[in-house]
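In our numbering, the protein residues as written are 484 to 1007.
Ideal Cβ positions, reconstructed from N, Cα and C, are used throughout, including at glycine.
Reviewing the structure listed below.
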Amino acid sequence: MARKPVVLVVMDGVGFSSSGIGDAVSAANTPVLDKLLKEYPHTRLKAHGAAVGLPSDDDMGNSEVGHNALGCGQIYSQGAKLVNESIESGKLFESGTWKQLVGKVLDNSSTLHFIGLFSDGNVHSNISHLKKMIAHAKNEGVKKIRVHALLDGRDVPSDSALIYVKDFEDFIASISDGDFDARIASGGGRMKITMDRYQAEWPMVEQGWNVHVHGKGRQFASVTEAVETLRAETGLGDQDLPAFVIAENGEPVGKIQDGDSVIFYNFRGDRAIEISMAFDDKEFSYFDRGVVPDVMYAGMLQYDGDLKLPKNYLVNPPEITNTLSELLIAHGLRQYAVSETQKYGHVTYFWNGNKSGKFSEKLETFKEIPSDTVTFDQRPWMKSAEIADDVIAAVESGKYDFIRCNFPNGDMVGHTGSWDSTIIAVESVDLGLARLLKACVKHDFTLLVTADHGNADEMLEKNKKGVISVRTAHSLNKVPFIIYDSETRYEIKDGEYGLANVAPTVARLFGLTPPDCWEPAMID
């Protein structure tokens, strides 16, 4: 097979609707995507559940595991599944990190704190992991536990926070006795505090730090009171609710103090890195932390293996080897990766198997385009034009064999729940595709179009009672994989494929033999 350069486009959050409800992808005007699907070889890929290493096909995919699979051609145990295996086998509780965390609390008669996303969305966290760790800590003699709950409303229904609060409080009541004291101490919406990513909005992290660590924030007597009051005052969904502190007699019930231990129990890395930096980095300078308590801090996973962040973690991450980037470098092929800030780490860090650096400074070039700092429903086109400009420049340069980019619009705007904005987002991506298609034809590139998971394809959902509500989470739908080439007509073999089949297919386009550990290629 003759080698020619390849452009791969990831339309983040653009899938095929299976329900027909709230399908902003089909509702949008997408002449280029429609033409490609009608006239050129394509298939539908699984982008969730077992196909990307998650526990079951009830688990929605996400951009992190999606780009891992796209970039390595293999299926690794990921996220919830990885943590589930560690908890069920007992490895988590046998780890040196767990023993040190608990030992510090027992030695100081202090508090064990948990910070994390308070839901069972299985994208960033699962509240079942929190419960199991609390129960185990109690059995080991820990007397005082405080939870700092980041409300979801994004990977789960937008107004579901109090369902999780009641369930958690019932759980605590079921295991409590006279000298065990566990409760929620602080919280706020995940898009308001703590869970920023790619250093896009440090004030979010600062708010979270002040609320969780120092107990500085608006006080309420209970989480239920906080959520109900803030919803009524703001009209916002859970993910955007302001921060709150639970207090008794004017005093926060769960400040983080000297001698305490702290666990950030999210397993997904991107939105866990900055708060981990605030706890771990002695030279931290992104905001004034005030008096920094002397605590032991650990993450559920090590969120960045190259930066060794955090220093302490409970579950070893998957050791992803034999990536597509390594194969291409071994054959001297030059690569270019670009996206805006919101997804830059996905086409670099996650694509390269959770590696922050490059495999080759000579053969790999990365480009980050700064994202807007407004909510994405206000600028749903995001940086799609700039990304297209950059890819076209890379194509025209003649310097690169394999170019990959990510258009974040379908995912980031889809998460806002705004139907009209998501329509514009999808159309913006299609316009980008139109421009890239022309460049690929002119310069004789093969164009591949896919996605990492669905989102914009399912903006509404119907509950068991038939009530339709806004959906802001990822979908369980399949995503496209399209091969456009102006000269060669490729045939995609019959079969069921997932995201991990993309890397071997790229290898075959270059005439390379994929490693034996990879999934099969979709072409001969």
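query: If you measure between the beta carbons of phenylalanine 747 and isoleucine 570, is that distance less than 8 Å?; result: no
query: Would you decide whether alanine 704 is buried or exposed? Buried here means 16 or more other CB atoms lie within 10 Å of its CB.; result: exposed
query: Can you check whether the CB of valine 535 is closer than 8 Å to the CB of alanine 563?; result: no
query: Does the structure place the segment 934-944 close enough to the segment 495-512 that three or more beta carbon pairs sit under 8 Å?; result: yes
query: Which of helix, strand or coil does DSSP assign to histidine 697?; result: coil
query: When burial is assigned at 16 or more other CB atoms within 10 Å of the CB, is glycine 978 buried or exposed?; result: exposed
query: Within 10 angstroms of its Cβ, does proline 686 collect 16 or more other Cβ (buried), or is it exposed?; result: exposed
query: Alpha carbon to alpha carbon, how far is glutamate 844 from valine 821?; result: 15 Å
query: Exposed or buried, proline 735, counting other C-beta atoms within 10 Å across all chains shown (16 or more means buried)?; result: buried
query: If you reduce the DSSP assignment to three classes, tell me which class glycine 978 lands in.; result: coil
query: For methionine 779 versus serine 744, is the C-beta spacing smaller than 8 Å?; result: yes
query: I need the straight-line Cα distance from phenylalanine 499 to threonine 526, nearest angstrom please.; result: 11 Å
query: Name the one or two DSSP bridge partners that asparagine 889 has.; result: Val493
query: When we look at the beta-carbon of proline 963 and count the other beta-carbons within 10 Å, is it buried (16 or more) or exposed?; result: buried
query: What does the Cβ neighbour count give for arginine 673, buried or exposed, with the cut at 16 atoms within 10 Å?; result: buried
query: Run through the segment 595-635 for me and flag every whole alpha helix (DSSP H) of 4 or more residues, listed as ranges in chain order.; result: 610-622
query: Give me the residue from Ala665, Gly773, Gly624 with the minimum Cα distance to leucine 613.; result: Ala665
query: Could you spell out the range, first to last residue, of the alpha helix (DSSP H) harbouring glycine 554?; result: 546-555
query: Spatial neighbours of alanine 755 within its chain, please: C-beta separation below 7 Å, excluding the five flanking residues on both sides.; result: Phe747, Asn749, Gly782, Tyr786
query: Residues in the same chain with beta-carbon distance under 6 Å from histidine 829, minus the five sequence neighbours each way, listed in chain order, please.; result: Ser546, His550, Asn889
query: Measuring alpha carbon to alpha carbon, tell me which of Asn892, His898, Ala939, Ala813 ends up nearest leucine 916.; result: Asn892
query: Do the segment 855-870 and the segment 692-708 touch if we need at least three Cβ pairs shorter than 8 Å?; result: no
query: For isoleucine 966 and alanine 730, I'd like the C-alpha separation in whole angstroms.; result: 58 Å
query: Identify the residues that DSSP records as bridge partners of histidine 525: which are they?; result: Ile965
query: Taking the C-alpha atoms as reference points, what is the distance between lysine 841 and threonine 831?; result: 8 Å
query: Could you check how far apart the C-beta atoms of tyrosine 827 and tyrosine 681 are, in whole angstroms? I think they sit under 8 Å.; result: 6 Å
query: Compare the Cα-Cα distances from valine 492 to each of Asp771, Phe928, Glu623 and report the closest residue.; result: Phe928
query: Does the beta-carbon of histidine 814 have 16 or more other beta-carbons within 10 angstroms, so that it is buried, or is it exposed?; result: exposed
query: Please go through the segment 638-723 and give each complete alpha helix (DSSP H) segment of 4 or more residues, from N-terminal end onward.; result: 644-658, 685-695, 706-717
query: Can you find the residues in the same chain that come closer than 7 Å, C-beta to C-beta, to aspartate 642, ignoring five residues on each side of it along the sequence?; result: Gly636, Gly720, Asp721
query: Quick one: grab the DSSP three-state call for arginine 991.; result: helix
query: In terms of residues, what are the limits of the alpha helix (DSSP H) holding alanine 871?; result: 867-880
query: Taking all protein chains shown into account, decide if aspartate 968 is buried (16 or more other Cβ within 10 angstroms of its Cβ) or exposed.; result: buried
query: Residues in the same chain with beta-carbon distance under 6 Å from arginine 701, minus the five sequence neighbours each way, listed in chain order, please.; result: Phe727
query: In terms of residues, what are the limits of the beta strand (DSSP E) holding leucine 784?; result: 779-784
query: Keeping to the same chain, check which residues put their C-beta closer than 6 Å to that of phenylalanine 762; ignore five residues upstream and five downstream.; result: Tyr780
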